[in-house]
Every structure is written in C-alpha cells, then in structure tokens.
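Participant: The structure that follows is given in the form of structure tokens.
Residue numbers (this note's numbering): 314 to 630.
Pasting the structure below:
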C-alpha cells in the first residue's frame with residue numbers, strides 16, 4: 314500500500330502523474346486526472362457538457378459525462394492499450410469539470426458553451442468534450458473554427474445531422490447542416506462514418522454508410538478517412554450511436570446495423586496522421602445502458618482520442 318494513492322483527482326502533485334486509486338473507490342474524474350480550472354501548462358483538457366434538451370427521442374445524455382468518467386476508472390493506472398504507454402507521462406491532462414448551464418433557459422445554452430470552450434482553447438490546450446447530446450458539438454465546433462478557420466469534420470454517427478434548421482433552434486439533428494451553411498466546416502473534406510439513416514440532403518459531405526463499414530476492413534475504413542481528409546485541420550466527433558445497439562444500447566436514438574466497438578476502435582487507432590484540433594464523445598445516455606456497456610465504450614473512445622493526441626505531441630517534441 315506504500316505506493317497507493319486515493320482521490321488522485323484532487324491529491325495529485327503533478328499533472329503528469331499516474332493514479333493508483335482502487336478501481337472501485339476514489340473521486341471519479343476522467344481517468345483520475347486532476348480536477349482543476351487552472352489551464353497553466355496543460356496539454357489537453359477533458360470537459361463535460363451535461364445537456365440533453367435538444368434530443369428528438371429518448372433524453373438522458375445529460376448524465377453522459379458522469380457515466381463516462383465512472384467507466385474510465387478502470388483505465389487510469391496501467392499503460393493504456395493499445396498505445397503501450399502511460400499517456401500521461403509526457404502529456405499534461407486535466408479534468409476541467411462540467412459546463413454550468415441554466416436548465417430553465419435553454420436559449421442561453423449555445424452562447425454559454427461557446428464562451429467557455431473559447432476560454433479553454435485560448436490557453437492552447439487540446440479540448441476533449443464529453444456530451445451531452447449532439448447539439449453540444451455545434452457551439453464547441455464554432456469555438457474551434459474561430460481559431461483555426463473552417464475545419465474538416467470527421468463524424469462517427471448513425472445519423473447525418475443535416476436536417477433543416479431554423480435560426481435559434483436547438484436540435485441535435487441539424488448542427489452539421491448549419492455548420493456547412495455558416496462556413497464552420499469544409500464539406501468537401503469532411504466525412505461521416507457509419508450512417509444508417511437518410512436525411513433530405515448530404516451537404517456535399519462524403520458518407521460511409523453502415524453497410525459499407527460492415528463490408529470493409531478497419532484498414533480500408535481508416536485509409537478512406539485519411540485520404541479524404543488529408544493533412545487539413547479537422548474536428549472529430551463521435552456519436553455513440555455509431556456503434557450497433559448491441560455494443561451501445563445506452564443512447565437516445567439507437568439504430569441497428571452498426572459496427573462493433575472492436576472494429577471502430579481498430580479504425581481510430583489508425584488515424585494518428587489526422588491533424589485533429591479537437592474532439593468529442595456524445596449521446597451516452599446511461600439510463601438505457603446495461604452493465605455500463607455504453608459508458609465503457611464511450612470512455613474507451615475518449616481515451617483513444619487522447620492516445621492519438623499523445624502520439625501527435627510526441628512526434629513534435
């Protein structure tokens with residue numbers, strides 16, 4: 314017990330220290346990273362947005378950040394697979410906590426999210442956001458584009474999210490169409506993976522349908538993404554309903570016929586060449602989950618995103 318810690322999220326003396334809390338105990342930040350609002354000397358920030366008022370089907374994704382943090386505890390103190398290293402040995406990562414939102418005044422929500430995202434990004438840190446429903450990507454994406462210009466979108470999802478939009482509407486199914494219309498993303502270099510529904514328009518974005526993903530190898534899927542996006546700055550968003558409901562039942566709008574978590578994780582592992590400026594994992598709704606299947610998938614995907622970031626930083630240091 315001499316080398317064991319407890320409540321590493323508040324007792325850690327350095328941002329690059331590994332945790333050794335018992336998996337079943339201790340404060341549950343994302344992978345036991347220090348809870349802090351200080352952005353000094355931080356390489357990456359994990360931030361929750363507990364919002365689900367934009368859902369068109371089952372609500373509950375406001376509890377997603379909590380569930381993802383809880384499920385991440387099992388990955389906190391070993392070399393993270395498949396990256397074969399402690400991701401935090403050379404990358405300072407914090408858990409910034411959650412965005413404070415007024416549940417009774419949703420019209421203020423987009424500006425509140427965008428403002429706080431912009432504050433985090435001003436520090437130069439990489440931002441990994443835990444949703445929340447998929448609407449939260451819209452203000453976060455705007456904050457990234459304000460710094461980097463129009464971004465390529467790499468979207469893992471069962472839905473295109475390009476449905477018609479009205480000014481001021483808060484809807485998790487229209488943010489992509491709005492982002493194209495407002496010049497926040499570049500549709501020609503954007504790609505959607507796992508789509509299993511139809512929307513009125515594709516906005517010029519390349520689509521990899523669910524049946525195509527099923528018939529392709531992970532290598533072929535990754536190669537298609539890398540070739541399409543190239544070296545352009547991109548934003549990666551992962552709606553957990555990209556996965557088949559067998560692997561992610563805890564979500565608001567599940568669609569059968571999706572890929573397994575193993576296949577998509579194999580794809581993510583091969584995307585290290587992407588110039589990812591920011592990322593999120595959204596639509597985890599634990600009330601519909603079983604044995605934390607969806608939360609475990611969501612936390613693992615989030616960890617892979619940090620793994621890709623660690624590799625990107627290592628190549629440039």
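Where is the CB? At the ideal position from N, CA and C, for every residue including glycine.
Predicted model, so just to flag it, every value in this text is computed and none were measured.
Which term fits residue 413, buried or exposed, when burial requires 16 or more other beta carbons within 10 angstroms of its beta carbon?
Facilitator: Taking the first residue of the chain shown as 1, we reach residue 413 at position 100. Exposed: under 16 other Cβ atoms inside 10 Å.
Participant: Please report the straight-line C-alpha distance between residue 618 and residue 349, rounded to a whole angstrom.
Facilitator: For this step, residue 618 is matched to residue 305 along the chain shown. For this step, residue 349 is matched to residue 36 along the chain shown. Distance from the CA of residue 618 to the CA of residue 349, rounded to the nearest whole angstrom, comes to 21 Å.
Participant: Just checking residue 341 against the ligand SAH - is the residue's beta carbon closer than 6 Å to any of the ligand's heavy atoms?
Facilitator: In the structure shown, the ligand SAH is absent, as is every other ligand, since no ligand is present at all.
Participant: Quick check on DSSP: helix, strand or coil for residue 377?
Facilitator: Stepping through the chain shown from its first residue, residue 377 is reached at position 64. Helix, per DSSP.
Participant: Helix, strand or coil: how does DSSP classify residue 465 here?
Facilitator: As a position in the chain shown, residue 465 is number 152, starting the count at 1. Of the three classes helix, strand and coil, the one that applies to residue 465 here is strand, per DSSP.
Participant: So, helix, strand or coil for residue 357, using DSSP?
Facilitator: Locating residue 357 in the chain shown gives position 44, where the first residue counts as 1. Correct three-state label for residue 357: strand.
Participant: Taking just the CA atoms, how far does residue 351 sit from residue 496?
Facilitator: Mapped onto the chain shown, residue 496 falls at position 183. Mapped onto the chain shown, residue 351 falls at position 38. Answer to the nearest angstrom: the Cα atoms are 32 Å apart.
Participant: From this set, 546, 586, 621 and 474, which residue's C-alpha is nearest residue 555's C-alpha?
Facilitator: As a working note, residue 555 is residue 242 in the chain shown. Distances from the CA of residue 555 to each of 546, 586, 621 and 474 were compared; the closest alpha carbon is that of 474.
Participant: Quick check on the DSSP output: what are the complete beta strand (DSSP E) runs of length 3 or more inside the stretch 435 to 495, in order along the chain?
Facilitator: The qualifying runs are 439 to 444 and 465 to 469.
Participant: List in chain order: all unbroken beta strand (DSSP E) runs of 3+ residues lying wholly within the stretch 527 to 605.
Facilitator: 546 to 552 and 588 to 595
Participant: Can you tell me where the alpha helix (DSSP H) holding residue 323 begins and where it ends?
Facilitator: As a working note, residue 323 is residue 10 in the chain shown. Counting along the chain, the alpha helix (DSSP H) containing residue 323 begins and ends at 321 to 324.
Participant: Can you tell me which of the three DSSP states residue 397 falls into?
Facilitator: As a working mapping, residue 397 is identified with position 84 in the chain shown. When secondary structure is reduced to three states using DSSP, residue 397 falls in the coil class, being assigned neither helix nor strand.
Participant: Compare the beta carbon distance of residue 436 and residue 466 with 7 Å and say whether it is the shorter of the two.
Facilitator: Your numbering for residue 436 matches position 123 in the chain shown. Your numbering for residue 466 matches position 153 in the chain shown. No, they are not a contact pair.
Participant: Measuring alpha carbon to alpha carbon, tell me which residue in 626, 514, 535 and 562 is nearest residue 604.
Facilitator: Along the chain shown, read from residue 1 onward, the residue named residue 604 stands at position 291. Closest by alpha carbon: 562.
Participant: Assign residue 323 to one of two classes, buried (16 or more other C-beta atoms within 10 Å of its C-beta) or exposed (fewer than that).
Facilitator: Residue mapping note: residue 323 aligns to position 10 of the chain shown, counting from 1. So residue 323 counts as exposed.
Participant: Using alpha carbons as the reference points, say which of 328, 341 and 478 lies closest to residue 320.
Facilitator: Within the chain shown, residue 320 is the residue found at index 7, counting from 1. Comparing Cα positions, the closest option is 341.
Participant: Measuring only the C-alpha atoms, how far is residue 528 from residue 624?
Facilitator: Stepping through the chain shown from its first residue, residue 528 is reached at position 215. Stepping through the chain shown from its first residue, residue 624 is reached at position 311. If I take the Cα positions, the gap works out to 29 Å.
Participant: Relative to the C-alpha of residue 398, which residue among 620, 471 and 458 is closest?
Facilitator: Translated into positions along the chain shown, residue 398 becomes position 85. With distances taken between Cα atoms, residue 398 lies closest to 620.
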